[in-house]
Every structure is written in structure tokens, then in C-alpha cells.
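Undergrad: In the working numbering, the protein residues as written are 106 to 360.
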Amino acid sequence: MKKLILFCLAAAALFSCSNDDKMARLEVRLTDAPGDYDAVNIDIIGMELQTEGSGDNDGWRTIPVNGGIYNILELAGGLDTLLTTAETPAGSISQIRLILGENNSIVVDGKEKPLSTPSAQQSGLKLNVHTTLKEGVSYTLTLDFDAARSIVQKGNGAYSLKPVIRVVTEATSGAIKGTVSPVEATPAIYAIMASGDTATTAYTNQDGTFLLRGLDPGTYTVRFSPASGYSATDRAGVAVTLGQVTDIGAISIQQ
């Protein structure tokens, strides 16, 4: 088996964003259905998303990727590998584009042979997604690579790659949002779990809006840490549902 080689950004590269950005968190993973070969080595060098609301480059935007040569047959039986973790603007995603390098190969009966992928090398392999990402929610996008159906043997004995990949999107968290008045009353806002531990922290923007992101399903207390001269305020029993953003409305902080 060919050893996995990483030669791009470190794992789980993350885009930063301000509180004013409407962002979702996206994790992309690669898995495989088994094929009758010794190894299928895919050289991944880039990844792009096509999102609505971006006028540049027909809506395509580059996201970081853990580039390298992956033997996808090692990812069968429920195993997968992380290709990227990034923050991306919330909204509709129509396609993802996987860009492959030249170092693709297949091992058959112990012999390694080149695996040609002309379309993916030139313009990127386009995969339909057609999903909507909600602000503050985390998602996993799994690229399910069907090796058996993706390899084509030519008449001259050479092999080419015509990838058959199913894209599965799954929400993995929820979020809580609301507004605070007056804005200057609350330096920080906390999502407190039933155990008493803090799950995450947020701050208001200039309009007093806040968003507690990436929360596991469950019930939380939202705690508003008061500025000097204001009273502490809690909102208990806030339910978070997978893939949903719970709006707790306007919160008034008293002096």
C-alpha cells in the first residue's frame, strides 16, 4: 500500500472571520467503496466551492485542503480521512471542485501503473452538492468514492480514472442567536451546558446581534456577562437542535 503523503497546509486549516460575517463551518471528508485492486492512489492538490452571492470567478472560491496522495482503498469499511476544515459564507452551495495532480496510479497484481485523469487535472472534478449552509452551523461533507466504478481499463491495458463520487451532506451542530440591548451592557455571552461547563463564547456586533456557533444538540443556559453598572442576566432552558439556529429574540440588560 502506498503511504499517505501530506504536502500542503497542516490538517484542519481554518479561515478566520469577524462577528459581522455570516459564516458556516464546513468539514470535508473522503471515504471509499472497495474495489478489486491492490491500491488506487489519488493525488489531491486543491479544492473549490461554488457558492451563491459571490460574483468573482463565477462563484468559485478556493478553500484550504490537506493535499497529498491518498490510497482510497484504505478508506473502505467505514473509515475516512479529513481533507479540510474551513469556514465558508453561509448560503447555498451548488458544487464542489476537487483538483487532482499528475501523480495518480493504480496497483494491480503488485504492479503500479499510471492512472490518467485528464478532466480533473485541467479544470477540476466537479461534484454536485446542492445544499444550504446555515449561519453558525457545522456541516460534514463526505465524498464517497466508488473505486470499482471509477476505474476504466482501456484496450491497450492502460487505466483511466472517471470518478463516480457520491456527496453526502450532514449537519453536525446547531446554534443560538439573538440581540442584546443596550449593546454596551454585555462584553461577552456564554452557552453553558447542563454540566455547568462553557460550550462556547460570543460577542455582539455593533447592532447588538450575537451568534453562539457550533453547539451540540441539547439544552443550554445563555449567560450574559454584564459590563460595570449592569446586572447579570441568564436565559435558561434554550434548546438546540441539529442543523437549526435557535433564535431567543431580544434580551434587555438592566442596570
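In this text, a Cβ means the ideal position worked out from N, Cα and C, and glycines have one as well. From a predicted model like this one, the values you see are computed outputs, not experimental measurements.
So, is Glu153 buried or exposed, given that buried needs 16 or more other C-beta atoms within 10 angstroms?
TA: Buried, by the Cβ-count rule.
Undergrad: Just to confirm before moving on: does the CB-CB distance between Val213 and Tyr142 stay below 8 Å?
TA: Yes, these two residues count as a Cβ contact at 8 Å.
Undergrad: Compute the distance between the beta-carbons of Leu204 and Ala144, then report whether it is under 8 Å.
TA: It is Ile, not Leu, that sits at residue 204 in the sequence shown. Their beta carbons are not under 8 Å apart, which means Ile204 does not touch Ala144 by this criterion.
Undergrad: Excluding sequence positions up to five away, which residues of its chain have a Cβ less than 6 Å from the Cβ of Arg271?
TA: Taken in chain order, the residues that qualify are Asp249.
Undergrad: Express the C-alpha separation of Thr314 and Lys239 in angstroms, rounding to a whole number.
TA: The straight-line gap from Cα to Cα measures roughly 16 Å.
Undergrad: DSSP three-state call for Asp214: helix, strand or coil?
TA: Note: Asp214 maps to coil in three-state DSSP.
Undergrad: Measuring CA to CA, which of Gly172, Gly229, Tyr264 and Thr277 is closest to Gln349?
TA: With distances taken between Cα atoms, Gln349 lies closest to Thr277.
Undergrad: For Ala118, name the three-state secondary structure that DSSP assigns.
TA: In this prediction, Ala118 scores a pLDDT of 33, lower than 50, which makes its location untrustworthy; no coordinate-derived value is stated.
Undergrad: Using 8 Å for Cβ pairs, my map puts Met298 next to Gly323. What's the rounded Cβ distance?
TA: Right, their Cβ atoms sit about 7 Å apart.
Undergrad: Given this structure, state the Cα-to-Cα distance separating Gly164 from Pro194, to the nearest angstrom.
TA: Spanning the two alpha carbons is a distance of roughly 11 Å.
Undergrad: Mind checking which residues open and close the beta strand (DSSP E) that includes Ala355?
TA: Residues Val350 to Ser357.
Undergrad: For a test of the three-state rule: what should DSSP assign to Glu275, helix, strand or coil?
TA: Strand.
Undergrad: Would you decide whether Gly342 is buried or exposed? Buried here means 16 or more other CB atoms lie within 10 Å of its CB.
TA: The residue in question, Gly342, is exposed, as its Cβ has fewer than 16 Cβ neighbours within 10 Å.
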